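Novice:
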Amino acid sequence: MSMKALPAADNSQTLDWHPRYEVVIGLEVHTHLKLNTKMFCSCAVIYGDDPNLQTCPVCLALPGALPVLNRSAVEYAVRAGLATNHEIQERSVFSRKNYFYPDLPKGYQITQDSLPICLRGHLDVDVPLNKTGKAGKKKAQPDGFYRKNIGITRIHMEEDAGKSVHAESALGSDDSHMDLNRAGVPLLEIVSEPDMRSPAEAAAYLRHLHGILCYIGITHGDMEKGQFRFDANLSLRPKGQQEFGTRTELKNMNSFRYVEMALNAEIKRQAKLLDAGEKVIQATLQYDVDRDEINVMRLKENADEYRYFPEPDLLPLIVDPSLIDKVREALPELPSAKRARFEEAYELSTHDAGLLTSSRALADFYEAATRLHGKAKAVANWILRDVLKVLKEKETDIEALSLSPEQLVELIQLVESSRITAKSAREELFPAMLTEGGKPEALMKSLGLEAVVDTSLIDGVIEEVMGENADSVEKYLNGDDKVLNFLMGKVMQKTQGKANAGAVRETLIRKIKG
Amino acid sequence: MTDLVAPLGSLRQLRAALDSGETSSVELVNRALARAEASQATFQIFVSLRPEAARLEAEAADTRRARGQVLSPLDGIPVALKDNLLHKGDLATCASQILAGFKAPYNGTAVQRLLDAGAVVVGRTNMDEFGMGSSNENSSLFPTRNPWDAQRIPGGSSGGSAAAVSAGIVPVALGSDTGGSIRQPAAFTGVVGLKPTYGRVSRYGLVAFASSLDQIGPFAHTAEDCALVLEIIAGHDPHDSTSLPDTEESATHFSERLGGSVEGLVVGLPREYFVEEGIDAEVLSKVKDAVSVLEKAGALVREVSLPHTRYAIATYYLLATAEASANLARFDGVRYGHRSKQAHGLLEMYKQTRSEGFGKEVKRRIMLGTYVLSAGYYDAYYRKASKVRTLLCQDFEDAFDQCDVILTPTAAEVAFKLGEKTDSALSMYLSDVFTVSANLAGIPGISLPCGLAQGMPVGLQILARPLDEGRLLNVADAFQRLTNWHEQHPELKLGAGGEA
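Protein chains in written order, with our numbering: chain D, 90 to 603; chain B, -19 to 480.
#1: Are the C-beta atoms of D409(D) and some chain B residue less than 9 Å apart?
#2: State yes or no: is the beta carbon of R104(B) nearer than 9 Å to at least one beta carbon in chain D?
#3: If you measure from the beta carbon of P218(B) to each beta carbon in chain D, is any gap under 9 Å?
#4: Which residues in the same chain as S230(B) place their Cβ atom closer than 6 Å to its Cβ, once the five residues preceding and following it in sequence are excluded?
#5: Residues of the segment 371 to 403 of chain D in Cβ contact with chain B at a cutoff of 7 Å, in chain order, please.
#6: Any C-beta of chain B within less than 8 Å: which residues of the segment 154 to 167 of chain D qualify?
#7: Taking Cβ-Cβ distances shorter than 9 Å, what residues in chain B pair up with N187(D)?
#8: If contact means a Cβ-Cβ distance below 7 Å, which residues of the segment 190 to 206 of chain D contact chain B?
#9: Do you know how far the Cα of L473(D) is from the Cα of D441(D)?
#10: Indicate whether V113(D) and S447(D) have their beta-carbon atoms separated by less than 9 Å.
#11: Please say whether L437(D) and L269(D) have beta carbons closer to each other than 9 Å?
#12: For S114(B), would you say it is in contact with chain D, using Cβ-to-Cβ distances shorter than 9 Å as the test?
#13: Just by C-beta distance, which residues in the segment 276 to 307 of chain D are closer than 8 Å to chain B?
#14: Under 8 Å between beta-carbons, which chain B residues line up against A150(D)? List them in chain order, please.
#15: Using a Cβ-Cβ cutoff of less than 6 Å, which residues in the same chain neighbour R271(D) once the five nearest sequence positions on both sides are dropped?
#16: Per DSSP, which one or two residues make a beta bridge with I501(D)?
#17: Tell me, please, which residues DSSP counts as bridged to H255(D).
#18: With DSSP as the reference, please indicate the residues paired to T105(B) in a beta bridge.
#19: For V281(B), list the residues DSSP reports as bridge partners.
#20: Contact criterion: CB-CB distance below 9 Å. Does M267(D) meet it with respect to chain B?
#21: Does DSSP put L264(B) in a helix, a strand or coil?
#22: I'd like to check one pair, S141(B) with N126(B): are the Cβ atoms closer than 9 Å?
#23: Please confirm whether T390(B) and Q164(B) have their CB atoms less than 9 Å apart.
#24: With the cut-off set at 9 Å, would you say L428(B) and A392(B) are in Cβ contact?
#25: Could you work out which residues of chain E lie near P146(D), taking near to mean beta carbons separated by less than 8 Å?
#26: Got a sec: which bits of the segment 169 to 191 of chain B sit with their beta carbon under 9 Å from any beta carbon on chain D, in order along the chain?
#27: Using a Cβ-Cβ distance cut-off of 9 Å, determine whether Y362(B) contacts chain D.
#28: Can you tell which of G425(B), L353(B), F338(B) and M436(B) has its C-alpha closest to the C-alpha of I78(B)?
#29: Quick one: what does DSSP say P429(B) is sitting in, helix, strand or coil?
#30: Quick one: what does DSSP say G603(D) is sitting in, helix, strand or coil?
#31: What's the gap between the Cα of S491(D) and the Cα of L480(D)?
#32: Quick one: grab the DSSP three-state call for A(-3)(B).
#33: Tell me whether I135(D) is buried or exposed, calling it buried when 16 or more other Cβ atoms sit within 10 Å of its Cβ.
#34: Nearest chain D C-beta to L65(B) closer than 9 Å, yes or no?
#35: Whole angstroms are fine: how far does the CA of N118(B) sit from the CA of Q131(B)?
#36: Interface residues of chain D around L326(B) at Cβ under 9 Å?
Structure, rendered in structure tokens:
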């Protein structure tokens, strides 16, 4: 298949977001890696296990325990770096980030500081354009897209912390407990440049990045489990000013929708301060979704003091150029390239192509079905209308749905050959396929959903037969069911067997009883 | 019958006695325990003993020997461990109150290898808290005394392990050396102490003081005995990322390769170490005598230069304290060890726990290290020290272009008296002047007895290229075949209840 060249980003189209101020947003994303074991020990990564079962001397930070790097994490980091156009560093260094907190067993986090594994990346992000509103209600389809190039400063590898569990005070105690199952879980931190100029751009960047990371298989990206979470830095500056304004940091968000709401709320808050001639104070913030308001977690009057220094328990990380080549070759087609290809090859709108490529599995499903069926448009319509609706209702993804491309194609073909009406295919057969499984045709038959076809053609013949055999009609009305076969036989005779038996039967009964 | 509290002798002697059936492992372990207990009142060498377990293990060793299934040269031999080496189920306190009562839930790699070789751990030896000290006076429990003179310190921080061998309680003990913590107490107590190449012995299960400098090593009476122990504990460990890969170059078998001559060996004497000022004259003359012994045996002596030596102490104390400030952060009262009962709330809990749990010197070093890493000071201290470290490594590389081994005094003086240096941290720090460079450069070093001054042992330090323990041990072994300083032992004046 030919690849459509992506149009160059046109940053001049950036939406004018605020009448007086330019919005400046940078994002830090933390993503859990899809690995079986932790970053520096061989404990399993299991979500939802009983507290502290997945721990060992290393992740409990017992005296004398030492970290050993999970080599698969390195490959994942390289994959993420290449997929986001980074320069992979052949030599990078782990550092200790020192601070005290009970969920941080060693009293320092092993991370990468001044020498991370990936530097200087960027993404071309298609930002949806909503002509009518800004923060208002989202329309089902945007009015278009503009392409924006967003710089990514770096990607580095690090370990997650544990979790504080504040027990219900059933015993009247206010004790806190620690669950260290998550301590040491492998993470990538992806730090963008302050290149986004609106909440919509920020959300588009996050969705795009999330899509890529899931596509290349390095993360499950389950946002509810905290596998993809982000912090946003936001500042405003009067239009035309070069210098950045004072920024605040919105911490720990894990929803694309809420991040837009949170950023809008913070823009409003900062603009109000600036309008009143007041100063924005550097602070760490949290967004309260229910109240749509910003809460200050703590003021940052001084720079954070983490006393980074090179981790002496780990050697500098050397990435062999041959590994980089190997990973590059194995990299799958990325979502934006796939979407562009879909638009062209299957004649889809940008919006529809975007939906069909929203996950790699869905895109693969679509392509498999299209290959079987031959008509891209018909398959796209079914997926966009019916399959996606079910996925949304069931809050699941295509892999978890018991539906094969073969089944979907057969269903479409049944409709196309008028053996079933589109309405009953959609409302009865399709849901039944998802619960019962099996071949759609057999299922249709066993459920008696086969369509009444060509009634106009057979109506006349039936009336003719009924007139010629009035006695038989009378017998049937008096309860002799067997006579129906005789009448059907006459009709079939006259139509030379071309009529659909089901339709004939149904029409006969209706007309006799009518 | 053997006198129950008589000194045990060297590993070689004990192996011969076991092999000939003259003694048993049970007898050796009983003697080690009896002598440890008898000496405790005066010398306070051990922080804990494990008599029952040790006797059972000794019985098992005797059973193996009777069946002809001897595991190694250390099988059935009583040994002692420094209190910062994790031995599963046993206390591991680093002589600190913050780890009072803490029992190791796993075996460190070096300890595991000793156990796999059949060695019988009789007890754990006293140390400066977390390895921070040069005299054993920074133990939170009690100061260990020098077996040669109970008025004097045994050196530190592995003073207990050195004293345990010197006092004839065990033939072998393990210590750890961050800036001289094996070599200096070995010199002060008249035994052999070896700090291997950084990465030669796994640090897994060694409670970290300064991760880029720490290295586990043996104490024994002879270089040959040290070679045997090193063979067992050395080698790559997947649990320690800084442990060296097993290659031809890093191969062990040190003991098999002993017995060579020093004919033609080029011995370098660093000009910066042989200065009249700051070194005890008698110590200096004993070390010079030792050089003459090797020279007479055919070694070629030449002066070399280690020009950045004067910066070594400062560099060491900046880097070691920086690393320590992070390494000791895990002792926070949350998961194990001491937790203050006074405190309410998280911050107060941290403060109280660490104030109560750490001793004065440990707090001093944590604060120093925290300062060194702080924003605005990092470049001036930590980064600068890292650069000087590179220069010190270069010094050794250049020197080893001109010689095979480097000889120096291990310490500038003999063991000092208790309390003599406790008033000044600086003068205590300066006593590491000849040993810290080897840790900064990661090279192996050994200290062996080379005479007496004021009736106290004097240590000769030999340094070699990275991974050149083979040569190091050969030179030390040759020296010991030419001299008998290692056969001189202190006459212990055992305390009440333990009079021999």
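For each residue, glycine too, the CB sits at the ideal point set by N, CA and C.
A quick note: this is a predicted structure, and the numbers were derived from the prediction, not measured.
Specialist: Let me lay it out:
#1: Chain B, which has no Cβ nearer than 9 Å to the Cβ of D409(D), makes this no.
#2: For R104(B), the closest Cβ of chain D is not nearer than 9 Å.
#3: Taking Cβ atoms only, chain D reaches closer than 9 Å to P218(B), which makes this a yes.
#4: These residues qualify, in order along the chain: L224 and L447.
#5: Of all residues in the segment 371 to 403 of chain D, A392, E394, R396, F398, P401, D402 and L403 have a Cβ within less than 7 Å of some Cβ in chain B.
#6: Interface annotation for the segment 154 to 167 of chain D against chain B: A154, L155, P156, V157 and L158, criterion Cβ-Cβ distance under 8 Å.
#7: In chain order: S305, A306, A309, T350 and L353.
#8: Those residues of the segment 190 to 206 of chain D that come within reach of chain B (Cβ to Cβ, closer than 7 Å) are P191, P194, K195, G196 and Y197.
#9: Straight-line Cα distance between these residues: approximately 7 Å.
#10: No.
#11: No, Cβ-Cβ distance for L269(D) and L437(D) is not below 9 Å.
#12: No, no contact with chain D.
#13: Answer in chain order: no residues at all.
#14: Neighbours of A150(D) on chain B, chain order: R310 and R315.
#15: The residues are D249, G251 and K252.
#16: Residue pairing from DSSP leaves I501(D) without any beta-bridge partner.
#17: H255(D) is bridged to S265(D).
#18: DSSP, once it has assigned bridges, lists F26(B) and K62(B) as partnering T105(B).
#19: Beta bridge pairing from DSSP links V281(B) with V247(B).
#20: Yes, M267(D) lies at the interface with chain B (some Cβ there is under 9 Å from its Cβ).
#21: DSSP places L264(B) in the helix class (H, G or I) of the three-state scheme.
#22: At least 9 Å separates the beta-carbon of N126(B) from that of S141(B).
#23: Yes, Cβ-Cβ distance for T390(B) and Q164(B) is below 9 Å.
#24: At least 9 Å separates the beta-carbon of L428(B) from that of A392(B).
#25: Considering every chain present, this structure includes no chain E. Its protein chains are D and B.
#26: So the list reads S182, R183, Y184, G185, L186, V187, A188, A190 and S191, given in the order they occur along the chain.
#27: For Y362(B), at least one C-beta of chain D is nearer than 9 Å to its own C-beta.
#28: Comparing Cα-Cα distances from I78(B) to each of G425(B), L353(B), F338(B) and M436(B), the minimum goes to F338(B).
#29: P429(B): strand per DSSP, three-state reduction.
#30: Taken through DSSP and simplified to helix, strand or coil, G603(D) comes out as coil.
#31: Distance between the alpha carbons of S491(D) and L480(D) is about 11 Å.
#32: The DSSP-derived three-state label of A(-3)(B) is helix.
#33: Label assigned to I135(D): exposed.
#34: Yes, L65(B) counts as interfacial toward chain D.
#35: Cα to Cα, Q131(B) sits roughly 16 Å from N118(B).
#36: Result: F189, Y190, P191 and S265.
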